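Report on the structure given below.
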Amino acid sequence: MPGSTRAWSAVRPLAGRAEGADGRGLSRDFTCIDHGAEDGVAGFLSVTGGKATVLRAMAEKTVDTLCSILGDEIPCTTADAELLPHRAFFNPSLAWKAGREEHPD
Numbered sequence: 112m113p114g115s116t117r118a119w120s121a122v123r124p125l126a127g128r129a130e131g132a133d134g135r136g137l138s139r140d141f142t143c144i145d146h147g148a149e150d151g152v153a154g155f156l157s158v159t160g161g162k163a164t165v166l167r168a169m170a171e172k173t174v175d176t177l178c179s180i181l182g183d184e185i186p187c188t189t190a191d192a193e194l195l196p197h198r199a200f201f202n203p204s205l206a207w208k209a210g211r212e213e214h215p216d
């Protein structure tokens with residue numbers, strides 16, 4: 112798209128406690144907290160930490176935790192689902208793959 116600009120950003124809270132003031136000692140890993148088990152606040156989950164390269168794993172862990180709480184043992188299938196490149200959402204010929212239009216026959 113001529114003349115258009117795209118940007119992506121995120122805030123990534125790090126999990127844990129670090130020695131020192133700059134936070135460089137904190138892990139870049141993520142955690143999914145079930146506040147029902149940790150704090151007695153049923154039905155509340157927090158996901159913190161991680162980085163953009165593990166967003167899919169973060170989602171899978173969160174859904175697995177939620178399903179476990181609900182007693183649903185259906186395996187997560189996110190690892191089997193196709194991930195589209197970001198360009199698919201801006202390319203009219205790939206719009207159907209992004210779910211914005213029906214598949215061209």
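In this note's numbering, the protein residues as written are 112 to 216.
For each residue, glycine too, the CB sits at the ideal point set by N, CA and C.
These figures come from a predicted structure and were not determined experimentally.
Distance between beta carbons of residue j and residue i, contact taken as under 8 Å
i: Gly147; j: Gly154; result: 7 Å
i: Arg167; j: Thr189; result: 6 Å
Whole-angstrom distance between residue j and residue i, CA atom to CA atom
i: Val174; j: Ser204; result: 32 Å
i: Cys143; j: Lys172; result: 7 Å
i: Phe141; j: Leu125; result: 8 Å
i: Pro196; j: Thr164; result: 14 Å
i: Ala192; j: Val158; result: 22 Å
i: Gly151; j: Gly182; result: 18 Å
Own chain residues within Cβ distance below 7 Å of residue i, not counting five before or after
i: Ile260; result: For the chain, the structure presents residues 112 to 216; residue 260 sits outside this window and is missing.
i: Asp145; result: Leu156, Thr176, Ile180
Residues that DSSP places opposite residue i in a beta bridge
i: Leu166; result: Per DSSP, none; premise fails for Leu166.
i: Val152; result: None, per the DSSP bridge assignment.
i: Ile144; result: Ser157
Neighbourhood of residue i by C-beta, 8 Å cutoff - its chain only, sequence neighbours within 5 removed
i: Ala170; result: Thr189
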